[in-house]
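Student: The structure under discussion is supplied below as structure tokens; questions concerning it will follow.
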Amino acid sequence: MSRNYYIAGNWKMHKTRSEAAELAKALVTQLKDGKHKYLVAPSFTALETVAAIVKGTNILLGAQDVASEEQGAHTGEVSVLQLKDLGVQAVILGHSERRHVYKEDDELINKKVKLALKHGFEVILCVGELLEEREAGKAEAVCETQTVKGLEGVSAAELSKITIAYEPVWAIGTGKTATPEDADAIHAYIRKVIGKLYGADAAAKIIIQYGGSVKADNAAQLMAKENIDGALVGGAALKADTFVPIAKFG
Ligand code: 13P
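For reference, each letter of the sequence shown is one residue, going 73 to 322 in my numbering.
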């Protein structure tokens, strides 16, 4: 299978500008000979700082969210136009913290996906079940709904700009990683869903990252699985010492 591995760091609500600059500089140096695709997603406040550091390198710049409207009276929101202006190339959408803490639903996330694509951004669309949903045997159904609804109205051509990140909510920040087998099973299922929507070729090509307590010591086993094409890393992305070994696995 010729899919490229894609390793992304989601810095969440961490780091001042100077701390973000320090990490970005270390990553630029240490990943310059890395073989995979890379992205960092700092907080909005550090985007401009980090943009200047990663520009022209093999590290893409991502934002952790974007408003569902292009511009206007939306206090506290950040627009696609503002992100583009800073040199942002990709956006993470539908992260479980947005879904569950800030109550974003599939309809809102889908609106953001379409707007981001319209403005030429790559999108990492996050999906994943809660613990009680997994225990009730609903993990596949939840991921299917989030994938189908998140991608509603996205054309086959636009799909090439989409990465799916499977992040089981119970594995995020908990130190509990899905086993490579369990994660791979959901990835395979999501790939099947993409196949139903866009055909076998698109399903074979789409990059599906795993996220949820990815560390240097479990990354290689996860990514050895047929359907796991990379990682969306939270806690371990906050230091070069912990992110670089993940980013350089294999
Ligand atoms: P952790 O790696 O800290 O579990 O976070 C995963 C995540 O939510 C990345 O978006």
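No residue lacks a Cβ here, since even glycine has one placed at the ideal position from N, Cα and C.
To the nearest whole angstrom, what separates the beta carbons of L158 and Q143, a pair I think is in contact under 8 Å?
Tutor: Within the sequence shown, numbered from 1, the residue matching residue 158 stands at position 86. Within the sequence shown, numbered from 1, the residue matching residue 143 stands at position 71. Going by Cβ atoms, the distance from L158 to Q143 rounds to 15 Å, so no, they are not a contact pair.
Student: Would you please state the rounded distance, in angstroms, between the beta carbons of T249 and I236? I believe it to be under 8 Å.
Tutor: As a working note, residue 249 is residue 177 in the sequence shown. As a working note, residue 236 is residue 164 in the sequence shown. In fact, because the Cβ distance is near 18 Å, the residues do not count as touching under 8 Å.
Student: Strictly by DSSP, which residues pair up with N130?
Tutor: Taking the first residue of the sequence shown as position 1, residue 130 is located at position 58. Answer is none; N130 lacks a bridge partner.
Student: Looking at the structure shown, is Y77 part of a helix, part of a strand, or coil, going by DSSP?
Tutor: Residue numbering aside, residue 77 sits at position 5 when the sequence shown is read from its first letter. If DSSP states are grouped into helix, strand and coil, Y77 belongs with coil.
Student: When DSSP labels each residue in this structure, what does G302 get in the three-state scheme?
Tutor: The count along the sequence shown starts at 1 and reaches residue 302 at position 230. In the structure shown, G302 sits in a strand (DSSP, three-state: E or B).
Student: Here's a check: name, in chain order, each residue in its chain whose Cβ is nearer than 8 Å to the Cβ of E216, leaving out the five neighbours to either side.
Tutor: Locating residue 216 in the sequence shown gives position 144, counting from the first residue. Correct list, in chain order: Y261, I262, V265.
Student: Does the ligand FAD have a heavy atom nearer than 8 Å to the CB of K311?
Tutor: Among the ligands in the structure shown, the ligand FAD does not appear; only the ligand 13P can be found there.
Student: Considering only residues of the same chain and omitting the five flanking positions on each side of V316, which have a CB-CB separation below 6 Å?
Tutor: Residue 316 sits at position 244 when you count from the first residue of the sequence shown. So the list reads Q102, once near-sequence residues are dropped.
Student: Taking the CB atoms as reference points, tell me whether A80 and G302 lie closer together than 9 Å.
Tutor: The residue you call residue 80 lines up with position 8 of the sequence shown. The residue you call residue 302 lines up with position 230 of the sequence shown. Cβ distance < 9 Å, so A80 and G302 count as in contact.
Student: Would you say the beta carbon of E169 comes nearer than 8 Å to a heavy atom of the ligand 13P?
Tutor: Here residue 169 corresponds to residue number 97 of the sequence shown, with the count starting at 1. Correct: E169 has its Cβ closer than 8 Å to the ligand 13P.
Student: Out of A124, L155, A162, A288, which has the shortest C-alpha to C-alpha gap to A309?
Tutor: Counting from 1 along the sequence shown, the entry for residue 309 is found at position 237. For the residues A124, L155, A162, A288, the minimum Cα distance to A309 belongs to A288.
Student: Where does the unbroken alpha helix (DSSP H) through T101 begin, and where does it stop?
Tutor: Within the sequence shown, residue 101 is the residue found at index 29, counting from 1. 89–102 is the extent of the alpha helix (DSSP H) around T101.
Student: At a cut-off of 8 Å, is K84 close to the ligand 13P when judged by its beta-carbon and the heavy atoms of the ligand?
Tutor: Here residue 84 refers to the residue found at position 12 of the sequence shown. Under cutoff, so the answer is yes.
Student: Return the first residue and the last residue of the alpha helix (DSSP H) that V185 is part of.
Tutor: Within the sequence shown, the letter at position 113 stands for residue 185. Looking at the DSSP string, the run of the alpha helix (DSSP H) that includes V185 is 178–190.
Student: Would R209 pass as a contact of S168 if the rule is Cβ separation under 9 Å?
Tutor: Against the sequence shown, residue 209 aligns to sequence position 137. Against the sequence shown, residue 168 aligns to sequence position 96. The residue asked about is misnamed: residue 209 is Gly in this sequence, not Arg. Their beta carbons are not under 9 Å apart, which means G209 does not touch S168 by this criterion.
Student: Could you please give the first and the last residue of the uninterrupted alpha helix (DSSP H) stretch that includes Q218?
Tutor: On the sequence shown, position 146 is the one that residue 218 refers to. Unbroken alpha helix (DSSP H) run through Q218: 211–222.
Student: State yes or no: is the C-beta of I125 within less than 9 Å of the C-beta of A96?
Tutor: Your numbering for residue 125 matches position 53 in the sequence shown. Your numbering for residue 96 matches position 24 in the sequence shown. Yes, they are a contact pair.
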